[in-house]
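Working notes, structure below.
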Amino acid sequence: MIYLDNAATTKIYKNAQQARAFAEDKAFANSSSIHSFGLKSSNLLRESREIISSVIGSNPDEIYFTKGATEANNIVISSLSGENNIAITSSIEHSSVYDSFKNNIFKEVIYLKNDNYGFIDIEDLKDKLQNDVKLVSIIYANNETGTIQDIRKISDIVKSFDKNILIHIDATQALGKISCDVNELKVDLMSFSAHKFHGPKGVGGLYVRKEILQKIKPVLHGGHQQVVSSGTDNHPAISAMATALKEQIDADEFNYVDDLNKYIRKLIDKNISDYIFNTPDENYSPYILSVGFANIKSEVLLHMLEDNDIYVSSGSACSKGNNNRILEALDVDDKYSDGVIRFSFAGENTKDELEKTVNVLKESIDEIRRVM
Ligand code: PMP
Numbered sequence: 001m002i003y004l005d006n007a008a009t010t011k012i013y014k015n016a017q018q019a020r021a022f023a024e025d026k027a028f029a030n031s032s033s034i035h036s037f038g039l040k041s042s043n044l045l046r047e048s049r050e051i052i053s054s055v056i057g058s059n060p061d062e063i064y065f066t067k068g069a070t071e072a073n074n075i076v077i078s079s080l081s082g083e084n085n086i087a088i089t090s091s092i093e094h095s096s097v098y099d100s101f102k103n104n105i106f107k108e109v110i111y112l113k114n115d116n117y118g119f120i121d122i123e124d125l126k127d128k129l130q131n132d133v134k135l136v137s138i139i140y141a142n143n144e145t146g147t148i149q150d151i152r153k154i155s156d157i158v159k160s161f162d163k164n165i166l167i168h169i170d171a172t173q174a175l176g177k178i179s180c181d182v183n184e185l186k187v188d189l190m191s192f193s194a195h196k197f198h199g200p201k202g203v204g205g206l207y208v209r210k211e212i213l214q215k216i217k218p219v220l221h222g223g224h225q226q227v228v229s230s231g232t233d234n235h236p237a238i239s240a241m242a243t244a245l246k247e248q249i250d251a252d253e254f255n256y257v258d259d260l261n262k263y264i265r266k267l268i269d270k271n272i273s274d275y276i277f278n279t280p281d282e283n284y285s286p287y288i289l290s291v292g293f294a295n296i297k298s299e300v301l302l303h304m305l306e307d308n309d310i311y312v313s314s315g316s317a318c319s320k321g322n323n324n325r326i327l328e329a330l331d332v333d334d335k336y337s338d339g340v341i342r343f344s345f346a347g348e349n350t351k352d353e354l355e356k357t358v359n360v361l362k363e364s365i366d367e368i369r370r371v372m
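Under the UniProt record's numbering, the sequence shown is numbered contiguously, ending at residue 372.
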């Protein structure tokens, strides 16, 4: 099998599986129970907070656990909603941000302009800042294209306009892969999800800068486990998430993956005609490469690759093939927009796999174009 759909989800690391199994077997008490067995579970939570906070440069008590980035993004947007509040975001956000804005009441939601790679128009941001803006929410590394926004620049501009405007980033495709230091980025809120860095599915978190905690309201009420989200903590999954994050950071694979990204670009360029890269060639996450092939239906191509045990995505898995909103926002030429494939990598992938993939890709594209 050649798995090139790591932006949809990654394979869980063995150590993360073991951390979860350990907690489920040897430390399974409710982390809120005040007996010593419960303390064992709450210690795992504490250690997990320490690991994650050391990666993002926060205090351990600024990390809140959620069922993933979707919940974290929803918490942020519903907290800052209100009929007098304006929010600024982009048109190329993940659906958990985009749909959340559509389902909450705001005085106005402003969508910033972007270029063909999805880079936000900084001048447009400067023009749109105004009174009543309470939140700026921007995706850090884009899940379709890998485009990395200059968050520090955005924060500097926003905070110099009004230091009370909150800055939230969706760092789901960034954490563990590129620097996510919340102080360097100057962000107040940051969402993440464990299964994008070889942790388990259904667990993630939200960083909340201590000074702004009172502005964040839970979407789930009930327990007293956390201020931000209630319910019994899934500490086995949380412990596995922290273990995975540490391993992903220690793997130090950015340059290796970047080499893979550049290699597949070269192979595509050498073997296939009439395509465009939707991923820029600077300020991108090397873990993602989006390519639009002319005169191709991406779903047909995806299934031809699948017949050869090669797994890719035709846009993000969350949009189930319906990625028109993002492609429209990127203003991808009609000629290429039906044939967009997202390849997404992990440290386990090899150049040999990429060569095999491009061979099958070439044969498949030739065949599709012949019959069309
Ligand atoms: N934001 C981004 C950028 C994502 O890629 C994803 C996952 N596709 C999410 C949010 C949602 O993550 P989850 O499904 O784990 O809640």
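A virtual CB, placed ideally from N, CA and C, is assigned to each residue, including glycine.
Because the structure is a prediction, the values reported are computed rather than measured.
Straight-line gap, residue i to residue j (C-alpha atoms, nearest Å)
i: residue 355; j: residue 264; result: 8 Å
i: residue 316; j: residue 69; result: In this prediction, residue 316 has a pLDDT of 44, which is less than 50 and means its spatial position is unreliable; what the coordinates show is noted afterwards. The straight-line gap from Cα to Cα measures roughly 15 Å.
i: residue 367; j: residue 253; result: 36 Å
i: residue 67; j: residue 340; result: 30 Å
i: residue 42; j: residue 155; result: 35 Å
i: residue 177; j: residue 247; result: 11 Å
i: residue 370; j: residue 274; result: 14 Å
i: residue 329; j: residue 282; result: 20 Å
i: residue 332; j: residue 72; result: 30 Å
i: residue 115; j: residue 138; result: 15 Å
i: residue 206; j: residue 334; result: 37 Å
i: residue 302; j: residue 88; result: 35 Å
i: residue 234; j: residue 30; result: 9 Å
i: residue 168; j: residue 280; result: 23 Å
i: residue 320; j: residue 37; result: Any reading at residue 320 must be qualified, since the residue scores a pLDDT of 43, below 50, and its modelled position is unreliable; the value itself is stated next. For residue 320 and residue 37, the distance between alpha carbons rounds to 43 Å.
The ligand PMP heavy atom lying under 7 Å from the CB of residue i
i: residue 33; result: no
i: residue 204; result: yes
i: residue 94; result: yes
i: residue 195; result: yes
i: residue 114; result: no
i: residue 143; result: yes
i: residue 147; result: no
i: residue 16; result: no
i: residue 170; result: yes
i: residue 214; result: no
i: residue 70; result: yes
i: residue 173; result: yes
Nearest-angstrom Cβ-Cβ length linking residue i and residue j, presumed shorter than 8 Å
i: residue 8; j: residue 285; result: Contact doesn't hold; Cβ gap of about 14 Å is too wide.
i: residue 240; j: residue 199; result: 6 Å
i: residue 158; j: residue 165; result: 5 Å
Own chain residues within Cβ distance below 7 Å of residue i, not counting five before or after
i: residue 208; result: 62, 64, 189, 216 and 228
i: residue 257; result: 286, 287, 345 and 347
i: residue 20; result: 200, 236, 237, 239 and 240
i: residue 221; result: 230
i: residue 249; result: 55 and 176
Close-in-space but distant-in-sequence residues of the same chain around residue i (CB under 6 Å, 5 per side omitted)
i: residue 318; result: Residue placement at residue 318 is poorly supported in this model, since its pLDDT is 47, which falls under 50; the coordinates still yield a value, given next. Cβ within range, chain order: 95.
i: residue 171; result: 140, 180, 190 and 192
i: residue 40; result: 27
Contact set for residue i: own chain, Cβ-Cβ below 8 Å, skip 5 residues either direction
i: residue 272; result: 293, 358, 361, 362 and 365
### Task
Only counting runs of 3 or more residues, tell me where the beta strand (DSSP E) segments fall wholly within the stretch 94–156, in order along the chain.
For the stretch 94–156, whole beta strand (DSSP E) runs of length 3 or above, ordered along the chain, are 106–112 and 133–139.
#### Entry: Unbroken stretches of the alpha helix (DSSP H), 4 residues or longer, contained in the stretch 250–310
Note on the stretch 250–310: whole alpha helix (DSSP H) runs with a minimum of 4 residues are 254–271 and 298–306, in chain order.
### Message
Going residue by residue through the stretch 181–255, where are the continuous alpha helix (DSSP H) segments of at least 4 residues, counting only ones entirely within it?
### Response
Runs of the alpha helix (DSSP H) inside the stretch 181–255: 182–185 and 235–251.
### Message
At 4 residues or longer, what runs of the alpha helix (DSSP H) sit wholly inside the stretch 45–75?
### Response
Within the stretch 45–75, no run of alpha helix (DSSP H) at least 4 residues long lies entirely inside it.
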